[in-house]
Amino acid sequence: MLLSIGVDVGARNGAIAVIDEEFNILHLGKAPFMEVEAAHTSANRTKPKLNKETGIYEQTYKKRAWTDYTKLRELFLPYVGNEIVYTIEKVSVRVGEGEINSFIFGNSLGCFEGLSALLNPIDIYEPTPVIWKAEMGVTSDKSSSVQLAESLFECDLKSFLKKGKVDDIAEALLLAVYGFKKYYDKQENNNG
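The numbers in my numbering rise by one with no breaks, and the one at position 131 of the sequence shown is 551.
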């Protein structure tokens, strides 16, 4: 069976879509992540909170989200052995992004890129947001991605999430469609 996997990269806000050639959604959801307490430095301290039971102000530290590679691997295992078109949004660090957040984001991208060894895709595409959005006819306004994805798949994307915004899963779906589009264009050029 030919499948297309689309990945909107991110640790806490990443999303994954798996579709077949008939545009049946086999998987759609946020990418798995784990929260890890940040190093106990002054930069990572949060405002002390009063513990009502003890009456003592307790110091806590920020939590950082990292892509959970083990759960990601488990998610992809059922699709191993199929012919797969794999599309990962090729993103870069935004201007003004902190070093730690940039590192976490890069780690997430690396996890998804590394999984291509497990999936053994027949084609891999890594378009930048500007390229794939222009080709799919959507703008940088995420609501245009949501509208197109809901129209193409004739569904309400909110039904795939318990809570949160649907723009990430919409973009993952559109990346999966983009992958099929590029794959079939390539097949047509090779046969024509």
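From the three backbone atoms N, C-alpha and C, an ideal C-beta is built for every residue, glycine too.
What span of residues does the beta strand (DSSP E) with residue 613 cover, start to end? For residue 613 there is no data in the structure shown, the boundaries of the chain being 421 and 612.
Identify the continuous alpha helix (DSSP H) that holds residue 429 and give its terminal residues. From DSSP, residue 429 is part of no alpha helix (DSSP H); its letter is neither H nor E.
Whole-angstrom Cβ separation of residue 425 and residue 506, contact assumed at under 8 Å? 5 Å
Inside the region 470-516 only - beta strand (DSSP E) runs reaching at least 3 residues: 476-478, 483-487 and 503-508
Boundaries (first-last residue) of the alpha helix (DSSP H) holding residue 467: Neither: residue 467 is in no alpha helix (DSSP H) and is coded neither H nor E.
To the nearest angstrom, how far is the alpha carbon of residue 502 from that of residue 538? 11 Å
Return helix, strand or coil for residue 456, following the three-state DSSP convention. strand
Residue 611 to residue 602 span [Cα, whole Å]: 14 Å
Rounded to whole angstroms, what's the CA-CA distance from residue 617 to residue 536? Just pull it up for me. With the chain covering 421 to 612 only, the question about residue 617 has no answer from this structure.
Residue 421 classed as buried or exposed, judged by whether at least 16 other C-beta atoms fall within 10 angstroms: exposed
Beta-carbon proximity check, residue 595 vs residue 569, cutoff 8 Å: no
Span separating the alpha-carbon of residue 443 from that of residue 551: 22 Å
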